[in-house]
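Chains as they are written, first to last, in this note's numbering: chain A, 1 to 506; chain B, 507 to 632. Here the structure comes first, spelled out in structure tokens, and everything after it is commentary.
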Amino acid sequence: MTLGQSLSVSLVGLEGQLVTVEVDIANGLPGYTLLGLPDAALTESRDRVRSALVNSSETWPNRKVTVSLSPAWLPKSGSSFDLPIAVALLAAQQLIPEEQSRRVLYLGELALDGHIRGVRGVLPSLIVAHKAGITSAVVPWANRVEAQLMRELTIIPMPHLRQLLRWLRTGEREESVELELVSPIQESIYDFADVAGQAPARLAAEVAAVGGHHLLLTGPPGAGKTMIAQRLPGILPELTREESLEVTAIHSIAGGLSTRSPLANDAPFVAPHHSATRVAMVGGGSNAIRPGACSLAHRGVLFVDEAPECDSGVLDSLRQPLESGSITIARAVGTVSYPAHFLLVLAANPCPCGKFSGRGRNCICTSQQVRRYLGKLSGPLMDRIDLRVQVDPLSRVELSGPELGESSSDIRERVVNARARAFKRFASETWSTNSEISSRALRITYQPERCAMNFLHAELDRERITARGLHKIMRTAWSIADLSGHVRPTLADTQLAYTLREGAES
Amino acid sequence: MAHETNNKSGNRTIGAFGEDAVVEFLRERGLIVLERNWRIREGEIDIVAKLADGTLVFVEVKTRTSVAFGHPLEAINSDKARRLQRLALAWLATHQSLGCDYRIDCAAVLISTGGKYSVEYRENVL
């Protein structure tokens, strides 16, 4: 028989489909045809596979080789098909046992000398394979840590084609030590203890961490906006295994696991530059749809410094993920949904020159420029931001004081407790954080104390807040109540929430 | 490759040797060789033979003394394949045989030291 078969996965976003790689070796002039809508990188696989086989002392059939990737209608991309093609080629020549090539999933790019190189998207591919009933998979050695997160599958990491073939023929493997899945204990270099003063901003960060409220920090350059934002992931609760798998899968597709350990369970922090395009922010691309910054920040913090400098539309493109916690991207190759449940932190100078604060004495901007600057943050976007705080320049007293601020681990403990309280309260609801309480539930079940409501209604009557603003304040008040251990938001909690929302005029 | 394969005449002798080998190979299998090295301006057909049932067989022979530069049949790329097709039709036209069944075969002859050789024969390659 001159037919060989092996299995691989083609990903479209986080979803994917099992792909059968079939190889037929027929009599005829030597040639190689690759079927099944391959992209450029995949078309080049012929030369990689050929060199890798020859350099691993295997034979290349000097016949008419037809490789078919089925389902044929699905566009396929990337170099991870090198390995399954090589295996199917050898199976077609009866050089390896057939049942091994048919049952096992193969992922990997081949180097010309036969080494198996790491590829993107290993974890999501394995998840797809598991759902399709595959029980074992050969992955590149470089991806072994990420792959072993998928405990339901037998993972066979392989560094070289030669070693893989030895295992296929004899069942021998050099090393089969199970890696210990211990997440690296990383001491974050960012600790809230380093932040001097800035009590309102620290409080806002804590409240944001409890309820998942989005945050706007305004203040002159050098006041500490970036410092506070960078320290926010450090006070968020650790990710659960499911969340961590989700985050790792997204980073795997984006190819970012070199910077983020696959086992990490801390909340990701993503800070795109303000020159980022819309595609960089939400994801996109023509061949393969890649996740953008907002998906990479899933379960973590998305920090946009100098937010008013962003091109118009870039920040507004975040409105859909802010609302639904996921982003759907439609392109010619298909429609892809990535999760994008993040905490948005915006930082802005008060004016183009940055000095319009306090009495604004050194500011050289015209009043019109000042007004226009923060106006660039659109109304609908600002509406979704519950906390707006002013970060004022530090005074001499605050900066020269010897005592450090409260450390991140202390704050995190409070946050975790407060979140647990909220989690218990929302046990029968569809949401789990305060920022997600529906307005209907706010009116019926989750009302603050009566005097607090009176205060809010009075503010509403004076037209200082809108109806939507009222609901936003109630949600924030719940987070503050959770922090201070109150069963229901008190008047003080609600007033604090009001100040945190209306603090910075916009 | 110490012998005279480096010059043109050496290659021609090797080519002729390979063609002789294939002619013998075909005769052993009961084909009648009609013509050898049929040449027109567009090129040359190495061997024209006839099967017992009347099917015409055009054979392109590739002879090599080593596989250092790839398998002999790899030298037949799509351009060359198209030329073989055209030449076959030209032969049929000049011999008033258009409409006959025909096929195009390729043979690879690999000469090893000591005058031994092997023939690899592929039928109906186009």
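From the three backbone atoms N, C-alpha and C, an ideal C-beta is built for every residue, glycine too.
- [ ] Could you name the residues of the same chain whose beta carbon sits closer than 8 angstroms to that of ASN513 of chain B, not counting the 5 residues immediately before and after it, in chain order?
- [x] Because the pLDDT at ASN513 of chain B is just 49, under 50, the model does not fix this residue reliably, and the point stays unresolved.
ARG535 of chain B burial status per 10 Å Cβ neighbour count (16 or more: buried):
It is exposed - the Cβ of ARG535 of chain B has fewer than 16 other Cβ atoms within 10 Å.
Per DSSP, which one or two residues make a beta bridge with ALA613 of chain B? According to DSSP, ALA613 of chain B bridges with B:VAL567, B:TYR627.
ask   = Residues of chain B with a CB under 8 angstroms from the CB of ASN62 of chain A: which are they?
value = The contacting residues are HIS577, LEU579, GLU580.
**Message:** Please confirm whether ARG628 of chain B has its beta-carbon closer than 9 angstroms to some beta-carbon of chain A.
**Reply:** True, the Cβ-Cβ gap to chain A drops below 9 angstroms.
Review point. Alpha carbon to alpha carbon, how far is TYR190 of chain A from PRO262 of chain A?
Key: C-alpha of TYR190 of chain A to C-alpha of PRO262 of chain A: approximately 21 angstroms in a straight line.
request  = Excluding the 5 residues preceding and the 5 following ILE528 of chain A in the sequence, name in chain order all residues of the same chain whose CB lies nearer than 8 angstroms to its CB.
outcome  = What the structure shows of chain A is the stretch from 1 to 506, and residue 528 of chain A is not part of that stretch, so it cannot be assessed.
Next on the checklist: Restricting to Cα atoms, I'd like to know which of A:GLY108, A:LEU34, A:VAL67, A:GLY28 is closest to HIS577 of chain B.
Outcome noted: Considering only alpha carbons, the answer is A:GLY28.
Which residues of chain A have a Cβ atom closer than 9 angstroms to the Cβ of VAL631 of chain B, listed in chain order? Here the neighbours are ASN27, GLY28, LEU29, LYS64.
**Close Cβ partners of ARG464 of chain A (< 8 angstroms) along its chain, the five nearest in sequence each way excluded** = If we look at ARG464 of chain A and ignore the five residues flanking it on each side, its Cβ neighbours are GLU502.
| field | Runs of beta strand (DSSP E) lying entirely within the region 194 to 246 of chain A, each at least 3 residues, in chain order | value | Runs of the beta strand (DSSP E) lying entirely within the region 194 to 246 of chain A, each at least 3 residues long, are 215 to 218 in chain order.
Item to complete: Using a Cβ-Cβ cut-off of 9 angstroms, state whether ALA594 of chain B counts as contacting chain A.
Response: Output row for ALA594 of chain B: interface = no.
Subject >> Contact with chain A by ALA587 of chain B, beta-carbon distance below 9 angstroms >> reply: The Cβ of ALA587 of chain B sits closer than 9 angstroms to at least one Cβ of chain A.
Q: Express the C-alpha separation of ILE480 of chain A and VAL207 of chain A in angstroms, rounding to a whole number.
A: Approximately 6 angstroms, taken between the alpha carbons.
Looking at chain A, is there any beta carbon in it that lies within less than 9 angstroms of the beta carbon of CYS612 of chain B? Output row for CYS612 of chain B: interface = yes.
For this session: Report the option in B:SER603, B:ALA558, B:CYS612, B:GLY605 whose CA atom is closest to the CA atom of ASN583 of chain B.
Result: Of the candidates B:SER603, B:ALA558, B:CYS612, B:GLY605, B:CYS612 places its Cα closest to the Cα of ASN583 of chain B.
**OP:** With PRO140 of chain A as the anchor, note down where its beta strand (DSSP E) starts and where it stops.
**Re:** Start and end: 136 to 140.
Length of the line joining the Cα atoms of ALA280 of chain A and THR328 of chain A = The straight-line gap from Cα to Cα measures roughly 14 angstroms.
**Q.** beta strand (DSSP E) segment containing ARG162 of chain A, residue limits
**A.** Here ARG162 of chain A belongs to no beta strand (DSSP E); instead the alpha helix (DSSP H) covers 161 to 170.
How is the alpha helix (DSSP H) around PHE303 of chain A delimited, first residue to last? Counting along the chain, PHE303 of chain A sits inside no alpha helix (DSSP H); it lies in the beta strand (DSSP E) bounded by residues 301 to 304.
* To do: May I ask you to list the residues that DSSP assigns as paired with THR335 of chain A?
  => A:ALA330.
Span of the alpha helix (DSSP H), counted from its first residue to its last, around LYS424 of chain A: Going by DSSP, LYS424 of chain A is part of the alpha helix (DSSP H) stretching over 408 to 425.
Report task. Measure the CB-CB distance between LEU537 of chain B and ALA558 of chain B and report whether it falls below 9 angstroms. Result -> Yes. Within cutoff.
_ALA209 of chain A classed as buried or exposed, judged by whether at least 16 other C-beta atoms fall within 10 angstroms_ = Flag for ALA209 of chain A reads buried.
Once the 5 residues before and after ARG518 of chain B are set aside, which same chain residues still bring their CB inside 8 angstroms of it? The answer is none, since no qualifying residue turns up.
Taking DSSP as the reference, what is the three-state secondary structure of GLY549 of chain B? Three-state result, GLY549 of chain B: strand.
Quiz prompt | LEU69 of chain A vs SER8 of chain A beta-carbon contact at 9 angstroms | solution = Yes.
Exercise. With 16 other CB atoms within 10 Å as the buried threshold, where does ALA137 of chain A fall?
Worked result: By the Cβ-count criterion, ALA137 of chain A is buried, with 16 or more other Cβ atoms from all chains shown falling within 10 Å of its own Cβ.
Open item on the list: Determine whether the beta carbon atoms of PRO84 of chain A and VAL19 of chain A lie at a separation below 9 angstroms.
Closed with: Remark: C-beta atoms of PRO84 of chain A and VAL19 of chain A approach each other more closely than 9 angstroms.
Between which two residues does the beta strand (DSSP E) carrying TYR32 of chain A extend? Secondary structure note for TYR32 of chain A: its beta strand (DSSP E) is the uninterrupted segment 31 to 35.
Buried versus exposed call for ALA254 of chain A [16 or more other C-beta atoms within 10 Å across all chains shown]: That one is buried.
Within the same chain, show all residues whose beta-carbon is closer than 8 angstroms to that of ASP461 of chain A, passing over the 5 residues directly before and after it, in chain order. No residues qualify anywhere along the chain.
THR43 of chain A, buried or exposed, once every other Cβ within 10 Å from all chains shown has been counted against 16: Here THR43 of chain A is exposed, its C-beta having fewer than 16 other C-beta atoms within 10 Å.
State the Cα-Cα distance for the pair GLY211 of chain A and LEU105 of chain A, rounded to the nearest angstrom. The C-alpha of LEU105 of chain A is placed about 42 angstroms away from the C-alpha of GLY211 of chain A.
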